[in-house]
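> The sequence shown begins at 825 in this note's numbering and counts up by one. The C-beta atom is built at its ideal place from N, Cα and C for all residues, glycine as well.
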Amino acid sequence: MSPRIAVVGSTNVDLVTYVARMPMPGETLEAPDFHIGCGGKGANQAIAAARLGAKVTLVSKVGDDAFAETSLANFARFGVDTTHVGRVEGVASGVASIFVEPTGENAILIVKGANGRLAPADVDAAAADLAACDLILLQLEVPLETVYHAIEFAAARGVETILNPAPAAALDLDVVGKVTFLTPNRTELALLTGLPVGDADEAAVAARTLVERGVRTVIVTLGSEGALVVDGDGVTRVPPVAVTPVDTTGAGDAFIGAFAHFYAASRDVAAALADAALFAADSVTKRGAQSSYASAEEFAALKATRR
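1) Should residue 933 be labelled buried (16 or more other beta-carbon atoms within 10 Å of its own) or exposed?
2) Does the segment 988-995 come close enough to the segment 1019-1027 to have 3 or more Cβ pairs within less than 8 Å?
3) Is the segment 873-881 in contact with the segment 847-854, if contact means three or more CB pairs nearer than 8 Å?
4) Is DSSP giving residue 1117 helix, strand or coil here?
5) Using CA atoms only, rank isn't needed, just tell me which of 979, 920 and 999 is closest to residue 965.
6) Going along the chain, which residues of its own chain have a beta-carbon closer than 7 Å to the beta-carbon of residue 944, five neighbours each way excluded?
7) Excluding five sequence neighbours on each side, which residues of the same chain lie with their C-beta closer than 8 Å to the C-beta of residue 1109?
8) Between which two residues does the beta strand (DSSP E) containing residue 861 stretch?
9) Determine the burial state of residue 951: buried for a count of at least 16 other Cβ atoms within 10 Å of its Cβ, exposed for fewer.
10) Compute the distance between the beta-carbons of residue 1041 and residue 1029, then report whether it is under 8 Å.
11) If you compare alpha carbons, which of 1128, 1114 and 873 is closest to residue 840?
12) Between 865, 869 and 1105, which lies nearest to residue 935 when the distance is taken from Cα to Cα?
13) If you drop the 5 nearest sequence neighbours on each side, which residues of the same chain put their C-beta closer than 7 Å to that of residue 1100?
14) Regarding residue 986 and the ligand ADP, is the C-beta to nearest heavy atom distance less than 7 Å?
15) Kindly provide the ranges of any alpha helix (DSSP H) runs that are 4 or more residues long and lie completely inside the segment 955-1003, ordered along the chain.
16) Let me confirm a value: residue 835 is counted as buried when at least 16 other C-beta atoms fall within 10 Å, else exposed. Which label applies?
17) Determine the contact status of residue 860 and residue 888, defining contact as a CB-CB distance below 8 Å.
18) Kindly list the residues whose CB is nearer than 6 Å to the CB of residue 881, restricted to its own chain and excluding five residues on each side of it in sequence; keep chain order.
19) Alpha carbon to alpha carbon, what distance is there between residue 914 and residue 994?
20) Go ahead and pull the three-state DSSP assignment for residue 867.
21) Suppose you measure from the CA of residue 1093 to the CA of residue 1043; what does that come to, to the nearest Å?
22) Helix, strand or coil for residue 875 per DSSP?
23) Closest by CA to residue 1146, which one among 867, 939 and 848?
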């Protein structure tokens, strides 16, 4: 049976420019390529889970522009339930301007647009569908009060949650302590804890303080170094998957969305993380965010080659 996952989060359109190098202040450069794609952390994670076979419900907002039509058509293509994706009149859809270097590294500017209108009332309006899910997935590209409300909603109903605290922000740890999984990167972990995270050992110490505040499991993503899992039983390393990167856009979302699917399907954290690491690594070998995510069949074939 396919796992049921709800995502409360953002929907953007990605405007991706591939550059030979980043421009200096005041400098104009010619860029070799440009691409328009669908993105937003919430949407990316929803698509990743749906591509792998999860039944995904999205709670989000889009504007009243052409970008909204693009996003809604994209969700329909991948089977994401958009019953709770509202349109906001007189407001633009969320947009991300992304600049990608030849190494695959990127720089991103985000305009929240309609995402900034996602309210606690939208969570309540989706209550029946959210309560029926196996897992609720959250990020920080929508108003913080809405994220907190969704955490409290899930905790009150015994629904497990994943909070991807990105983009980095100061958070109320009393509320965050109620999530099942917290998935910061180094920067986000440092901001949350106020502790140094220069290496894996320091990251583990910082993550332990969050476990002590109530978070059941902290998963620290370390990019090309893999990940750390910190819980009441100790610290576990998730080894990286070596690939040659083409475009790292959306790789973190690929990891989180895939982990959500695999964990909700199996409740096996270690196996879900190993599969998520491979799924995310595969995504950076292709251009774009959602366009780089493997289907369930493609991922099964990829796993078969690595046995």
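In brief:
1) exposed
2) no
3) no
4) coil
5) 920
6) 969, 970 and 973
7) 1067, 1068, 1069, 1070 and 1116
8) 857-863
9) exposed
10) no
11) 1114
12) 865
13) 1079, 1082, 1083 and 1086
14) In terms of ligand content, the structure shown is empty, and the ligand ADP therefore cannot be addressed.
15) 968-981 and 997-1000
16) buried
17) no
18) 830, 905 and 953
19) 30 Å
20) helix
21) 10 Å
22) helix
23) In the structure displayed, the chain extends from 825 to 1131; residue 1146 sits before or after that span and is not available.
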